[in-house]
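J.:
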Amino acid sequence: MSAETSTPTSTALLEVEDLEVHFPIRSGVIFERTIGAVRAVDGVSLSIGAGQTYGLVGESGCGKTTLGRAVLRLEEPTGGSVHLGDTDVTALRSENLRRFRSRMQMVFQDPLGSLNPRHNVEMLLAEPLRVHRINDRAEQRRLAEETLDAVGLPTSVLERYPHEFSGGQRQRLGIARALMLRPDLIVCDEPVSALDVSIQAQVMNLLDELQGEFGLTYMVIAHDLAVVRHLSDRVGVMYLGKIVEEADSEEIYENPRHPYTKALLSAVPQPDPEVEASRERIILKGDLPSPANPPSGCRFRTRCPWAQDICAEETPVWREVAEGHKVACHFDRFD
Ligand SMILES: Nc1ncnc2c1ncn2[C@@H]1O[C@H](COP(=O)(O)OP(=O)(O)OP(=O)(O)O)[C@@H](O)[C@H]1O
Ligand code: SF4
Ligand SMILES: [Mg+2]
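First residue of the sequence shown? That's 13 in my numbering, and the numbers climb one at a time after it.
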């Protein structure tokens, strides 16, 4: 835990309220005018309990990365708020924001891809410490060795370079880098998408172990529902900038209510051959509409097999259909 840890006012570590990230669309070469906005995140509320994992799923372009980045203030929200503990992250400015960043980190699909290939692991792991003015070499080395041990890598890798590692090892290093400042919250953006299936399970297990060891709270982003299933306590399904369904992990897999969640789940192959033989795929028509011009009423209506007239006219209310299970859809039955 960092020295800045504050006491949360509730058991939720992260509270996101009505968060918006709208990217302006500009036109004109000399006199730029704003002619619209890409509503990448368009009113998202969620909370994550301390030590819990929230799985955020949805297809490419629905706004997952933008949401994760806005939570960490790597993207500037255009509306709403983010609280980590009792700190309003959206209100932090300059030096306070810089210091607070040590509590929130991100793990990427290819976490070493964007880093300087001429830096060895020791330098890569020390860098976040230097940014936060932990400059003592012995302390840097001690933290690096302790963190490598936690992610299952030998200290001998300190002298090696990113290109010398396999995909799974690179992801372990990415996780180690995110852990160096002992954050409270880690947003993992597609942490295993680039890895072989066998390695995916190892990295997911590692994330699970580290959560207990370091008291971490996770937001895990994936386009594949199967990936977040075992890691997540709660799962939110995102479509075109909004969360359309949210429930505890087992509940959402066993009892999906929203047509979009049903469609996503129907695309997941089942390990049991008998269940697999009877799996009925819900094929969605068309492509994801542009987030610059989302459909009226229910945003999913242009692709929903069950859409009715009301779906174009009225925005469905975000309602609780069972304890802790929330859905944005006008209907309960889809026969
Ligand atoms: N800096 C930006 N400026 C303008 N539009 C952006 C910017 N970043 C993202 N977008 C747009 O916002 C929408 C959401 O993008 P985002 O990357 O958050 O989706 P995603 O769910 O993470 O997709 P993927 O699964 O492909 O990673 C997309 O339409 C994207 O083109
Ligand atoms: S509100 Fe209508 S269009 Fe939207 S998911 Fe429900 S049935 Fe489909
Ligand atoms: Mg993304």
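Beta carbons are placed, not taken as given, at the ideal position from N, Cα and C, and that holds for glycine.
Please indicate yes or no: does the CB of residue 259 lie closer than 7 Å to some heavy atom of ligand 2?
T.: It does not: the Cβ of residue 259 is nowhere closer than 7 Å to a heavy atom of ligand 2.
J.: Would you say the beta carbon of residue 82 is closer than 7 Å to some non-hydrogen atom of ligand 1?
T.: Checking every heavy atom of ligand 1 against the Cβ of residue 82, none is found closer than 7 Å.
J.: For residue 223 and residue 343, I'd like the C-alpha separation in whole angstroms.
T.: Whole-angstrom Cα-Cα distance: 38 Å.
J.: Which runs of the alpha helix (DSSP H) at least 4 residues long sit entirely within the region 77–165? Give them in chain order.
T.: Listed in chain order, they are 106–112, 133–143 and 149–162.
J.: Tell me whether residue 188 is buried or exposed, calling it buried when 16 or more other Cβ atoms sit within 10 Å of its Cβ.
T.: Residue 188 should be labelled buried.
J.: On the criterion of 16 or more Cβ atoms from any shown chain inside 10 Å, does residue 298 qualify as buried, or is it exposed?
T.: It counts as exposed.
J.: Is the beta carbon of residue 74 within less than 7 Å of some heavy atom of ligand 2?
T.: No, ligand 2 has no heavy atom inside 7 Å of this Cβ.
J.: Rounded to the nearest angstrom, what separates residue 185 and residue 325 at their Cα positions?
T.: Using only the alpha carbons, I get a separation of about 50 Å.
J.: For the region 162–230, which segments carrying the alpha helix (DSSP H) assignment without a break, of at least 4 residues, lie completely within its bounds, in sequence order?
T.: DSSP runs (the alpha helix (DSSP H)) wholly in the region 162–230: 179–191 and 209–226.
J.: Does the Cβ of residue 335 have 16 or more other Cβ atoms within 10 Å, making it buried, or fewer, making it exposed?
T.: Residue 335 should be labelled exposed.
J.: On a Cα-Cα basis, can you pick out the residue from 293, 314 and 289 that is closest to residue 300?
T.: Looking at the Cα atoms, 314 is the closest of the given residues.
J.: Using the three-state DSSP reduction, which class does residue 57 fall into: helix, strand or coil?
T.: Three-state DSSP puts residue 57 in a strand.
J.: From the DSSP secondary-structure annotation, give me the bridge partner or partners of residue 48.
T.: Answer by DSSP bridge pairing, in chain order: 37.
J.: Any chance you could list the alpha helix (DSSP H) runs of at least 4 consecutive residues sitting entirely within the region 236–316, in chain order?
T.: For the region 236–316, whole alpha helix (DSSP H) runs of length 4 or above, ordered along the chain, are 237–241, 261–266, 271–278 and 285–289.
J.: With DSSP run on the structure shown, which of helix, strand or coil describes residue 13?
T.: Its pLDDT being 39, under 50, residue 13 is placed unreliably in this model, and the coordinates cannot settle the point.
J.: Could you name the residues that DSSP lists as bridge partners for residue 2?
T.: Past the boundaries of the shown model lies residue 2; the chain is included only from 13 to 347, so the question cannot be answered.
J.: Locate the beta strand (DSSP E) running through residue 324, then write down its first and last residues.
T.: Run containing residue 324: none in the beta strand (DSSP E); it sits in the alpha helix (DSSP H), 321–325.
J.: Any chance the CB of residue 235 is under 7 Å from a heavy atom of ligand 1?
T.: At least one heavy atom of ligand 1 is nearer than 7 Å to the Cβ of residue 235, so yes.
J.: Take residue 76 and list the residues in its own chain whose beta-carbon comes closer than 7 Å to its own, dropping the five residues that flank it on each side.
T.: Answer for residue 76: 68, 70, 233 and 250, listed in chain order.
J.: When the Cα atoms are used, what is the spatial distance from residue 163 to residue 210?
T.: Spanning the two alpha carbons is a distance of roughly 17 Å.
J.: Roughly how many whole angstroms lie between the Cα atoms of residue 172 and residue 128?
T.: So the two alpha carbons sit approximately 13 Å from each other.
J.: Tell me which same chain residues have a C-beta within less than 6 Å of the C-beta of residue 273, skipping the five on either side of it?
T.: Around residue 273: 249 and 257.
J.: Name the DSSP beta bridge partners of residue 26, please?
T.: 60 and 96.
J.: Between residue 309 and residue 53, how many whole angstroms is the CB-CB distance? I'm expecting something under 8 Å.
T.: Not quite, the Cβ-Cβ distance comes to about 19 Å (not below 8 Å), so this is no contact.
J.: Over what stretch of residues does the beta strand (DSSP E) that includes residue 332 continue unbroken?
T.: Taken as a continuous stretch (DSSP letters only), the beta strand (DSSP E) holding residue 332 covers 330–334.
J.: Using beta carbons (cut-off 8 Å, strictly below), is residue 140 in contact with chain C?
T.: In the structure shown, chain C cannot be found, because there is only a single protein chain.
J.: Helix, strand or coil for residue 32? Go by DSSP, reduced to three states.
T.: It is a strand residue.
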